[in-house]
Structures are given as structure tokens and as C-alpha cells.
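Undergrad: Below is a structure I'd like to ask you about.
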Amino acid sequence: MFLTRLECTECGRACSADRLRRLCDACGLPLAAAYDLDRVRRAVARDDLRRRPRGQWRFAEVLPLADPAQAVTLGEGDTPLLDAPRLGAALGLRRLLVKDESLNPTGSFKARGMSAAVSMAKALGARALAAPSAGNAGGALAAYGARAGLPVTLAMPRDVPRSNRLEAEACGATVNLIDGTIADCGRWIGERAEREGWFDLSTLKEPYRVEGKKIMGYELAEALGWRLPDVILYPTGGGTGLVGMAKAFRELDALGWLEPGSPRPRFVAVQASGCAPIVDALASGADRARAPARPSTVAAGLRVPGPIGDRWMLRDIRASGGTAVAVDDESLIAGALELGRLEGIFACPEGGALVAALRGLAASGWVRPEETVVLFNTGTGLKYPEAFA
Ligand SMILES: *Cc1c(COP(=O)(O)O)cnc(C)c1O
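Counting in the numbering used here, the sequence shown runs from 2 upward without gaps.
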């Protein structure tokens, strides 16, 4: 066990990791897992990791579970990092790569976070699980809950993509449809969780989903020979993927696993113009996001008007020298179709948004032709028949 404690991402207060916890007791903001990285460095050599059985649990020393044999897993992680030479040429870029998260169980990167969080919740004694979800998180929690043998209750917006709801119900979850957005669903779960005995796995309201997602950053470094790319574009909703990878890169630095001279990536948070609180906050220099009045987009994973991790995300984007870009629904669908046509990757609308954002950044010179750029296709287009129809 290399996990030592949890630390508040805002006030820095530490607390023990030996029981179920959600937010910081002092300030009510997200907690993050801290590891004894000196011990990790002595216990494992970075180049040994690739000889272990495939999947994200081969990075067990930097994951929270004491005994990785107890992991609740469906084979998540170790997704391909694909060259995208035709799309790169269309955008004037020499080295464009796509980390294709659509190959995860349940068709999105949400599987990574739920594997880690459900494993820890079960190990620490949770008897029932719950979460609000605008889309893929619900299906993933339903699947991992079933795998763990724990009942799952979800609250989803009434207009959630049909496939997300069907998947959740097929995996045995109880789905409650709520009028409103994920924020309203979050309130619905929050009002009932304690009384019903549910452990609430809302985005960043427990510390371990981000630990699963950060492994995307470890896999990326390993695949590139322990060097990082110059630029990462990430479709940003609640922000766990982004803050998770930034955390992974800090840990890699502390572990001394990166090659000398490796770039530190600039993060580009890509949002839908119908719901772009992080883009607005960055543009106005704010350290908190303001919820849009009528959040709307077909990219369900990006319809997160009031993310609890707003300060954390804004800090990491700014510290990386990054930026944030909003893309309208027509352009994000067009971007997904371009990825399909040029590279054979049928991306989710969230992933499609990255293509449109990158076109603008390449045209303006913010991304230079010789830079290595990675797009994270966070899920499969197959789960969005309504949006593509
Ligand atoms: C949830 C989701 C996102 C947003 O991810 P965060 O890490 O919460 O910002 C992006 N794309 C897809 C497909 C998603 O399901």
C-alpha cells in the first residue's frame, strides 16, 4: 500500500484514507489521494510495468487499493494511442495522435474512474452506490456496481442519450429520470443518499474516480517512451480527466520517470459553446466558474454547468500554459465525422469537439506545425445515435 493520506485540493488539510470519505471536512471541496512516491520509486522500475498483464491495474503502486487482486475490473485501460496522419495533414500538423478511450468497457473513459472508485468503495465497506450522470458515468457505475455485487441508483436528466439509460438498466441499476441537468440530478441524489445508505460517487465528490482517470497520463507517457506531448486537448465537463492527468504528470516528475528534456504539455480544455463555464472563467481571469443559465449541447458529457472542481481545473490549465476553447454543436458533430472519415475512428461528439478546437488553434499559430499533439477521444460515437441522426 503506497497511498498515505488524502489532502484537500484547496485548503491542503490532510485526512486519513482508511475509511469512506467524500469531501474535505474543513472546506467542503475535493480531496486528492497522496502516495509515498519515494517508496514507489524504490519498489518498482518504470520499465517493468509493461511486462505486467494489460490494463490500468498494472499501475497498482500509484492506485489506491491495498490489494490489486481485489480490484473491481472489466479490463479497462491500455487503450491504443493511434497516429492520425490524415487528420494531421488536414490541420497542418506533423505529429497528431489520438488516445482512443472508446475501447474501454462501457465505451468511454468513465470506466477507468469507476473501476478505481467502486473498488475502493467496496473495500471500505459501502453497501450501495449512487450517482448523478448526464451520460456515460451512469452506464459505467451500473456496470462496475454489478461487477462488485452492489446495488446502484442513478439520477439522469430526462433527455439523457437513450443508450446510456438502456445500458444502466441492462446492468441492473435503478434509473430515476429528472427534469433538468446533471446539477439537478446531483441535488436529487444528495438529498437522499444519507437516508438511503447510498455512497455517492458524484464527480470529484469522492477522491478515487480521478485516480483511475489519471492512469491515462501514465499510459501516454509510457507509450511515448516516457516523454510527454507538447499539447493535450481534452473535452472537459466535470474536469476529472484533466486534473487527473495533470496530477499524473506531477507524480511522474516526482518519481523521476520522465526522460530529461521532456515537454510538459499545455492543456486545452474543450467545451461546447452551449455550456462553457471553464472557457468563460479563463477568458475573464476568474478563479471560479459561473454556471450558464440554460446549459445545452448534444455532447452530454460536456453539459456540466457548475463543476465542483472548477478552481482545481482552472489552476491546472493556467499552470500548464494552456487555454480553453468552446465549439458549437454543429462543429463538434462535423469534427467527429471528420475523425471517422479520415482515420476510421467513430468518435463521440465530445471527442469531435477537439477536432474543431484544434483547427482553430493550428490556424492561429497557438499550436505549431512541429508540435506533438494528443487528442483524447473519450468515448464511442455508437452511444449517441440521436446526436448523429
Ligand atoms: C464525462 C465525459 C467527458 C467529460 O469528462 P470530465 O473528466 O468529467 O471532464 C467527456 N467525454 C465523454 C464522452 C464523457 O463521458
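Just so it is clear, CB atoms sit at the ideal spot from N, CA and C, and this is done for glycine as well. Quick caveat, the model's predicted, so the values are computed rather than measured.
1. State whether the region 49 to 67 contacts the region 299 to 317, with contact taken as three or more CB pairs (one from each stretch) at a distance under 8 Å.
2. Closer than 7 Å by C-beta to P158: which residues in its own chain qualify, once you throw out the five before and the five after it? Chain order, please.
3. Give a single yes or no on whether A147 has its beta carbon closer than 7 Å to a heavy atom of ligand 1.
4. Quick check: what's the CA-CA separation for L243 versus M314?
5. Just verifying my parser: in three-state terms, what is the DSSP assignment at N137?
6. Going by Cα to Cα distance, which pick from L383, K206 and A294 is closest to I346?
7. Ligand 1 heavy atoms versus the CB of L303: any closer than 7 Å?
8. Let me confirm a value: R285 is counted as buried when at least 16 other C-beta atoms fall within 10 Å, else exposed. Which label applies?
9. I'd like the span of the alpha helix (DSSP H) that includes R96, first residue to last.
10. Which two residues bound the contiguous alpha helix (DSSP H) that contains A325?
11. Counting C-beta neighbours from all protein chains within 10 Å, is the total for M2 16 or more, i.e. buried, or is it exposed?
12. Cβ of G242 versus every heavy atom of ligand 1: is any distance shorter than 7 Å?
13. Does the beta-carbon of S109, which I'm using as the reference point, lie nearer than 7 Å to any heavy atom of ligand 1?
14. Helix, strand or coil for P158 per DSSP?
15. Which one of G336, F268 and G238 has the shortest CA to CA distance from P296?
16. Can T204 and T175 be called in contact, C-beta distance under 8 Å?
17. Count the other CB atoms, across all protein chains shown, that sit within 10 Å of the CB of P386; report buried if there are 16 or more and exposed otherwise.
18. Using 7 Å as the cut-off, classify the Cβ of T10 as near or not near the heavy atoms of ligand 1, replying yes or no.
19. Which word fits P370, buried or exposed, when buried means at least 16 other C-beta atoms lie within 10 angstroms of its C-beta?
20. Would the C-beta of Y177 count as close to ligand 1, meaning under 7 Å from any of its heavy atoms?
21. Using 8 Å as the threshold, is the region 204 to 224 in touch with the region 334 to 348, meaning 3 or more CB pairs across them?
22. Here's the rule I'm using: 16 or more other beta-carbon atoms within 10 Å means buried, otherwise exposed. How should Q272 be labelled?
TA: To lay it out plainly:
1. no
2. Sequence index remark: in the sequence shown, residue 158 carries index 157 (1-based). If we look at P158 and ignore the five residues flanking it on each side, its Cβ neighbours are A135, I179, G181, T182, I183 and C186.
3. As a working note, residue 147 is residue 146 in the sequence shown. Not under cutoff, so the answer is no.
4. Working through the sequence shown from its first residue, we reach residue 243 at position 242. Working through the sequence shown from its first residue, we reach residue 314 at position 313. For L243 and M314, the distance between alpha carbons rounds to 7 Å.
5. Position 136 of the sequence shown holds residue 137. Three-state DSSP puts N137 in a helix.
6. Here residue 346 refers to the residue found at position 345 when the sequence shown is read from its first residue. When only C-alpha atoms are compared, the closest one is L383.
7. Against the sequence shown, residue 303 aligns to sequence position 302. The answer is yes for L303.
8. The residue labelled residue 285 in the question sits at position 284 within the sequence shown. Here residue 285 turns out to be Ser, not Arg, going by the sequence shown. That one is exposed.
9. The sequence position of residue 96 within the sequence shown is 95, counting from 1. Taken as a continuous stretch (DSSP letters only), R96 belongs to no alpha helix (DSSP H), being part of the beta strand (DSSP E) at R96 to D101.
10. The sequence position of residue 325 within the sequence shown is 324, counting from 1. No alpha helix (DSSP H) holds A325; the beta strand (DSSP E) holding it covers T324 to V328.
11. Position 1 of the sequence shown, counted from the start, is the residue given in the question as residue 2. Classification for M2: exposed.
12. Translated into positions along the sequence shown, residue 242 becomes position 241. At least one heavy atom of ligand 1 is nearer than 7 Å to the Cβ of G242, so yes.
13. Here the question's residue 109 lines up with position 108 in the sequence shown. Correct: S109 has its Cβ closer than 7 Å to ligand 1.
14. For the purposes of this step, residue 158 is taken as residue 157 along the sequence shown, with counting starting at 1. Here P158 sits in strand by DSSP.
15. In the sequence shown, counting from the first residue as 1, residue 296 sits at position 295. Here the closest residue by C-alpha is G238.
16. Here residue 204 corresponds to residue number 203 of the sequence shown, with the count starting at 1. Here residue 175 corresponds to residue number 174 of the sequence shown, with the count starting at 1. Their beta carbons are not under 8 Å apart, which means T204 does not touch T175 by this criterion.
17. Here the question's residue 386 lines up with position 385 in the sequence shown. By the neighbour-count rule (16 or more Cβ atoms within 10 Å), P386 is not buried but exposed.
18. Taking the first residue of the sequence shown as position 1, residue 10 is located at position 9. Flag unset: Cβ of T10 not near ligand 1.
19. Taking the first residue of the sequence shown as position 1, residue 370 is located at position 369. Label assigned to P370: exposed.
20. Within the sequence shown, residue 177 is the residue found at index 176, counting from 1. Here residue 177 is Asn; the residue named in the question, Tyr, does not match the sequence. No, since every heavy atom of ligand 1 falls outside the 7 Å radius drawn around the Cβ of N177.
21. no
22. Taking the sequence shown and counting its residues from 1, one reaches residue 272 at position 271. The residue in question, Q272, is buried, as its Cβ has 16 or more Cβ neighbours within 10 Å.
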